[in-house]
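In terms of full-length UniProt numbering, the numbers along the sequence shown are unbroken and rise by one, the last being 178. From the three backbone atoms N, C-alpha and C, an ideal C-beta is built for every residue, glycine too. Please read the structure below before turning to the comments.
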Amino acid sequence: MEKLSAERKENWEDFYQVLESNDIRFLYHFTDKRNIPSIKRHGGLFSWHYCETNNINIPRQGGDYDSRELDKKYGLQDYVRLSFCDDHPMKYRLQQSGSDMVVLRIKIDVALLKDTLFSDINAADRLHTHGGSLLDLKRVNFDATKRHFVSKNDEDFKPHQAEVMVKTFVPLKYIVNI
């Protein structure tokens, strides 16, 4: 596990430069407040696949059956999903269904890790493009990710949901506000 959370991309400085030049200071993970004790107890955020195969109970899961099936279809089941925006539309949907949501701020260092991937829109969307290269990061529309309360009819709605996907595990040391 430690190796996953320590080994950087060969050209990590280039990734950092793209993030810095676009004024990205943090990444975000939204979760139900009732999941916080489990996150602390297990030492960080794990992919739903890792939790499932290692009998780690997630008290209030965010993803449903369909989203997990899409993760499997795209080979993304063992990734922790992070966003560039702190007001993700999915967070709002979960709040409407009774979840007590909190937004965890994650250090951008996780974007520099060797196996981290980037998606230009929500990676569950059939139109998304994802990968781990610098070009994949540059496909992100950073202006769209910085907007707030983007309407579903807005052309920035999908780009607003661009993702950073961290392989298996985000250790507590990267979570600023837990």
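As assigned by DSSP and simplified to three states, the class of residue i
i: Thr168; result: coil
i: Ile106; result: strand
i: Phe15; result: helix
i: Arg34; result: helix
i: Ser119; result: strand
i: His29; result: strand
i: Leu82; result: strand
i: Arg68; result: helix
i: Arg41; result: helix
i: Leu135; result: helix
Residue i vs residue j beta-carbon contact at 8 angstroms
i: Val102; j: Lys33; result: yes
i: Asn22; j: Leu134; result: no
i: Asp115; j: Gly131; result: no
i: Tyr50; j: Asp78; result: yes
i: Val110; j: Val150; result: no
i: Phe46; j: Leu137; result: no
Best match in the options for proximity to residue i [C-alpha to C-alpha]
i: Leu172; options: Glu69, Gln17, Ile36 and Leu19; result: Ile36
i: His128; options: Lys146, Phe15 and His160; result: His160
i: Asp154; options: Glu163, Ala144 and Ala162; result: Ala144
i: Asn177; options: Ala124, Lys107, Lys9 and Arg81; result: Lys107
i: residue 181; options: Tyr174, Leu76, Arg139 and Arg25; result: As shown, the chain starts at 1 and ends at 178. That puts residue 181 outside it, with no answer to give.
i: residue 179; options: Cys85, His42, Gln17 and Asn55; result: Beyond the ends of the chain as shown, which are 1 and 178, falls residue 179; an answer cannot be given.
i: Ser83; options: Tyr174, Ala162, Val166 and Lys167; result: Ala162
i: Val166; options: Ser151, Asn141, Ala123 and Asp156; result: Ala123
i: Thr31; options: Gly44, Ile24 and Leu19; result: Gly44
i: Phe142; options: Leu112, Ile175, Cys85 and Tyr174; result: Cys85
i: Leu27; options: Phe149, Asn57, Glu69 and Val80; result: Val80
Residue range of the alpha helix (DSSP H) that includes residue i
i: Ala144; result: Phe142 to Lys146
i: Glu52; result: Trp48 to Thr53
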